[in-house]
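**Student:**
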Amino acid sequence: MATILMTGAAGAIGQMLRPRLAHHDLRLTDVRAGDGVDALDVTDAAAVEKACTGADAILHLGGIAGEGPFEDVLAVNVRGTERVLSAAVRTGVPRVVLASSNHAAGLHSRADAGPTGLADDVPARPDSYYGWSKAAMEQLGRLYHDRHGLHVICLRIGTCCEHPAAPRDLSTWLSPDDAALLFEAALTATGWRLIWGVSANTRRWWSTTGGLSIGYYPRDDAEPWSRRVGEPDLTSPTDSLVGGPMPTKPLGTP
Ligand SMILES: NC(=O)c1ccc[n+]([C@@H]2O[C@H](COP(=O)([O-])OP(=O)(O)OC[C@H]3O[C@@H](n4cnc5c(N)ncnc54)[C@H](O)[C@@H]3O)[C@@H](O)[C@H]2O)c1
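The opening position of the sequence shown corresponds to residue 23 in this note's numbering, with each subsequent residue numbered one higher.
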């Protein structure tokens, strides 16, 4: 059992993780307080430092979780992550798990995947301001690892939701139960790592190597939903690029 500070705990993934990680001592925080979640704006450096004190790890989920104006994703996702990482160093928290995104590498295509799938650490190739902010978060994590020895595990999450809802999700789905396994594994991993956050989907085309290296063994498969969601069109950008429909949307528009 560890004492874990969770940012963004009121959000979708936070709500999935809370019951599944309840064997830990969870400090739940979000800019939207209520229902057992304390108020914490990750852009408030002093408040973040106070919240970090005495924690064993930080699960940093809080932020803008989709495309938005450049200044907004810069302020919340990038500056907010700097506040979290620097507070971790100042208060002696040894480990931060960052909720990164497939959109950090969203313009890579199926053609870039080798025989074992698209590498976990494929270079950033953002598909949006949002994806760029996630790539910046990953690199801030690297800076704090290299300069301060902080363990920073960056999870390039696919599509984390109750069940697949679109053809693309047959490849990119991360089930709630697997999300909990992934975050739990990340809580004991070391170093600076980029790891795909995807379930054991039959149609997965992103590597399993990074996850296996930290003891993440996903169990769920999107395939039983294939008849309900329909077949992907592998000639379309939505189904052939990592980022799905994001690369075809206007920059900065939520
Ligand atoms: N759900 C997915 O499929 C998915 C995929 C890739 C990455 N992610 C990442 O995982 C994280 C969680 O995603 P989610 O689906 O739960 O999103 P969400 O939007 O449901 O939750 C994000 C939470 O962050 C909070 N937040 C916003 N600004 C904040 C601030 N300044 N300080 C503190 N909290 C703030 C929001 O109030 C919200 O509760 C996000 O960082 C997102 O980018 C999610």
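Glycine included, C-beta positions come from ideal geometry on N, C-alpha and C.
#1: Answer yes or no: the CB of T260 versus the heavy atoms of ligand 1, is any distance below 7 Å?
#2: Could you tell me if the beta carbon of G85 falls within a distance shorter than 7 Å of some heavy atom in ligand 1?
#3: I need the straight-line Cα distance from V264 to G56, nearest angstrom please.
#4: Please list the terminal residues of the continuous beta strand (DSSP E) segment that includes M28.
#5: Since C74 is in the alpha helix (DSSP H), which residue starts that stretch and which ends it?
#6: With distances taken from CA atoms, which of R178, T75, G163 is nearest L172?
#7: Evaluate Y239 with the Cβ neighbour count: other Cβ atoms within 10 Å of its Cβ, from every protein chain shown; 16 or more gives buried, anything less gives exposed.
#8: Is G102 near ligand 1, judged by its Cβ being under 7 Å from some heavy atom?
#9: Check whether the segment 134 to 142 touches the segment 106 to 120, counting contact only when three or more Cβ pairs, one atom from each stretch, lie closer than 8 Å.
#10: Taking just the CA atoms, how far does T103 sit from P267?
#11: Using only the alpha-carbon positions, how far apart do G85 and N99 sit?
#12: Return helix, strand or coil for V59, following the three-state DSSP convention.
#13: Please report the straight-line C-alpha distance between S193 and E160, rounded to a whole angstrom.
#14: Any heavy atom of ligand 1 inside 7 Å of the beta-carbon of I35?
#15: Assign K72 to one of two classes, buried (16 or more other C-beta atoms within 10 Å of its C-beta) or exposed (fewer than that).
#16: On the three-state DSSP scale, how would you describe I35?
#17: Does ligand 1 have a heavy atom nearer than 7 Å to the CB of C74?
#18: Sorted by chain position, which residues of the same chain lie with C-beta nearer than 7 Å to G252's C-beta, five sequence neighbours on each side aside?
#19: Mind checking whether the beta-carbon of L62 lies closer than 7 Å to any heavy atom of ligand 1?
#20: In chain order, which alpha helix (DSSP H) runs of at least 4 residues are fully inside the segment 111 to 139?
#21: Using only alpha-carbon positions, find the residue among W228, L234, S221 that is nearest to A211.
**Tutor:** Based on what the coordinates show:
#1: no
#2: yes
#3: 35 Å
#4: In the DSSP assignment, M28 falls within the beta strand (DSSP E) that extends over 25 to 29.
#5: First-last of the alpha helix (DSSP H) with C74: 67 to 74.
#6: G163
#7: Result: exposed.
#8: yes
#9: By the criterion of at least three beta-carbon pairs nearer than 8 Å, the segment 134 to 142 is not in contact with the segment 106 to 120.
#10: 26 Å
#11: Spanning the alpha carbons of G85 and N99 requires a straight line of approximately 5 Å.
#12: strand
#13: 23 Å
#14: yes
#15: exposed
#16: I35 falls in the helix class under three-state DSSP.
#17: Taking 7 Å as the cut-off, one finds no heavy atom of ligand 1 near enough to the beta carbon of C74.
#18: P189
#19: yes
#20: DSSP runs (the alpha helix (DSSP H)) wholly in the segment 111 to 139: none.
#21: L234
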